[in-house]
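Each remark here refers to the structure printed beneath this line.
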Amino acid sequence: MMIKQVVFLKRRKDLDLATFKDYYEAHHRKIGERVLAGFAVSYVRRYLDPANLSTPNPPFDVITEMWFPDWATQKACMAHLSDP
């Protein structure tokens, strides 16, 4: 059974959405791909489209999805990420 872990992230107030997205894709995406390698089978970022929002200040700007093949792999990944 595939496990989907979802994280909701909000940009800093001093960043517009385009700058946030560019920075996230250029830096944090690469970190995510590196640390999730060998654990997650998929790592997806879904950015909100301001044109389709009913509120000007949503509580988050991106939904990050991490797909794992099973609970054991997800748990191992979280343990790996928690290890300094």
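2 is the number of the first residue of the sequence shown in the numbering used here; add one for each residue after it. Idealized CB from N, CA, C, for every residue including glycine. Fair warning: this is a prediction, and the values are worked out from it, not measured in the lab.
Close Cβ partners of residue i (< 8 Å) along its chain, the five nearest in sequence each way excluded
i: His81; result: Val36 and Phe40
Close Cβ partners of residue i (< 7 Å) along its chain, the five nearest in sequence each way excluded
i: Pro70; result: Met3 and Val42
i: Met67; result: Gln6, Leu37, Ala41 and Tyr44
i: Pro59; result: Leu49
Sub-7 Å separation of residue i and residue j beta-carbons
i: Val63; j: Leu18; result: no
i: Arg46; j: Thr20; result: no
i: Tyr48; j: Lys14; result: no
DSSP beta-bridge partners of residue i
i: Arg46; result: Thr65
i: Val7; result: Glu66
Cβ neighbours of residue i in the same chain (closer than 6 Å, five flanking residues each side left out)
i: Cys78; result: Phe40
i: Val8; result: Thr65
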